[in-house]
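Scroll down for the structure; my scribbles are underneath it.
Numbering (my numbering), first residue to last: 154 to 470.
Okay, structure coming up:
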């Protein structure tokens with residue numbers, strides 16, 4: 154007995170054999186890539202938690218993989234805070250941060266070996282308002298209410314076209330990817346200030362908890378993060394014999410350590426960051442009432458699997 158394949162039978166055979174496999178492969182790739190993107194979105198949501206409050210350990214941070222000349226993560230923030238006056242204990246703070254995150258689609262998405270960069274850039278702003286409760290003349294307890302807003306944009310449409318051209322899978326969920334986020338939380342701080350003519354000492358112990366959520370964002374990049382940290386920071390300023398602008402030039406010594414908690418812990422491969430720094434401070438109070446002091450501090454930052462240097466510029470009003 155012989156078998157004859159008509160065109161109709163050939164089409165049916167393809168439908169039953171080849172096309173289901175193609176559909177399954179595309180579906181598997183789509184799901185894997187979608188899960189990959191979701192993980193990276195959660196990771197970036199977590200990363201924003203490192204730059205929500207003034208912190209010298211993460212004020213300027215760049216991380217790259219070994220053997221890679223390009224930075225996979227860059228974080229730069231500008232922030233500060235102070236009480237209104239010695240007679241009015243209202244405390245205000247603010248932080249503006251710009252982050253650049255460069256995750257990639259790599260081996261492990263389905264059975265492909267596609268590598269496509271997806272550059273994400275974000276800007277976040279955090280404000281805080283608190284009140285000082287004096288414990289002694291030098292020590293104050295300070296609760297702070299914090300609010301954060303952030304926006305992220307990515308060049309995902311280009312990645313979508315590259316993936317589609319290489320795999321034949323239409324990745325529409327990558328088009329126009331954007332993320333808006335907000336956070337409502339608070340901090341508690343112990344602030345010690347002991348200012349003497351021969352030395353000025355500042356010490357701050359702070360716990361921060363600001364949960365972050367997305368809103369009005371692309372479906373594929375919705376998420377949340379539990380941002381918590383415990384930080385201690387200390388600075389000593391000692392007048393030198395050098396006189397500038399009718400004031401002694403001060404030598405500055407600084408120590409800081411931050412323990413990351415919640416989703417931040419281990420998110421970038423380390424649980425904590427430490428910083429040691431030294432620099433100079435110029436007292437301009439005799440000539441410029443706006444910027445009373447200007448500081449330049451050189452810092453060495455280190456933690457598990459990470460180390461680096463930074464330069465900090467600060468001004469007191």
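No residue lacks a Cβ here, since even glycine has one placed at the ideal position from N, Cα and C.
The structure presented is a predicted model; accordingly, all values stated were derived computationally and were not measured.
Pair within 9 angstroms by beta-carbon distance, residue i and residue j
i           : j           : result
residue 449 : residue 426 : no
residue 357 : residue 291 : no
residue 281 : residue 300 : yes
residue 335 : residue 366 : yes
residue 452 : residue 434 : no
residue 199 : residue 416 : yes
residue 436 : residue 401 : yes
residue 231 : residue 293 : no
residue 386 : residue 418 : no
residue 203 : residue 413 : yes
residue 363 : residue 337 : yes
Distance between beta carbons of residue j and residue i, contact taken as under 8 angstroms
i           : j           : result
residue 235 : residue 411 : So it is not a contact: roughly 20 angstroms between Cβ atoms.
residue 456 : residue 423 : 4 angstroms
residue 428 : residue 409 : 4 angstroms
residue 249 : residue 278 : 5 angstroms
residue 350 : residue 284 : With a Cβ gap of about 30 angstroms, residue 350 and residue 284 do not count as contacting.
residue 98  : residue 467 : Since the displayed the chain opens at 154 and closes at 470, residue 98 lies outside it and no answer follows.
Closest by C-alpha distance to residue i, when choosing among the options
i           : options            : result
residue 465 : 306, 405, 242      : 405
residue 229 : 237, 275, 243      : 275
residue 273 : 293, 289, 333, 384 : 333
residue 340 : 451, 277, 379, 296 : 296
residue 361 : 384, 354, 350, 348 : 384
residue 461 : 288, 201, 227, 204 : 227
residue 245 : 233, 254, 202, 438 : 233
residue 432 : 355, 389, 303, 288 : 389
residue 403 : 397, 413, 392, 289 : 392
residue 454 : 467, 378, 407      : 407
residue 463 : 202, 286, 430, 343 : 430
residue 201 : 298, 238, 421      : 421
residue 122 : 240, 368, 348      : Nothing about residue 122 can be reported from this structure: the residues present for the chain run from 154 to 470 only.
residue 286 : 240, 397, 331      : 240
residue 397 : 378, 438, 298      : 438
residue 298 : 348, 247, 238      : 247
Cβ of residue i within 9 angstroms of any chain C Cβ
i           : result
residue 288 : As a matter of chain content, chain C is missing from the structure shown, which is built from one protein chain.
Residue i in three-state terms, based on DSSP
i           : result
residue 229 : strand
residue 440 : coil
residue 472 : Since the first residue shown for the chain is 154 and the last is 470, residue 472 is missing from the structure and cannot be characterised.
residue 204 : helix
residue 445 : coil
residue 166 : Residue confidence is low: residue 166 scores 45 on pLDDT, short of 50, so the model does not pin down where it sits. Its coordinate-derived value is still stated next. The answer is helix: DSSP assigns residue 166 an H, G or I state.
residue 285 : coil
residue 338 : strand
residue 418 : coil
residue 272 : coil
residue 462 : strand
residue 355 : strand
residue 413 : strand
residue 350 : coil
residue 333 : strand
residue 454 : strand
residue 432 : strand
residue 423 : coil
residue 239 : coil
residue 280 : strand
residue 404 : strand
residue 252 : strand
Residue i Cβ short of 8 angstroms to the ligand FMN heavy atom set
i           : result
residue 399 : The ligand FMN is absent from the structure shown, which contains no ligand whatsoever.
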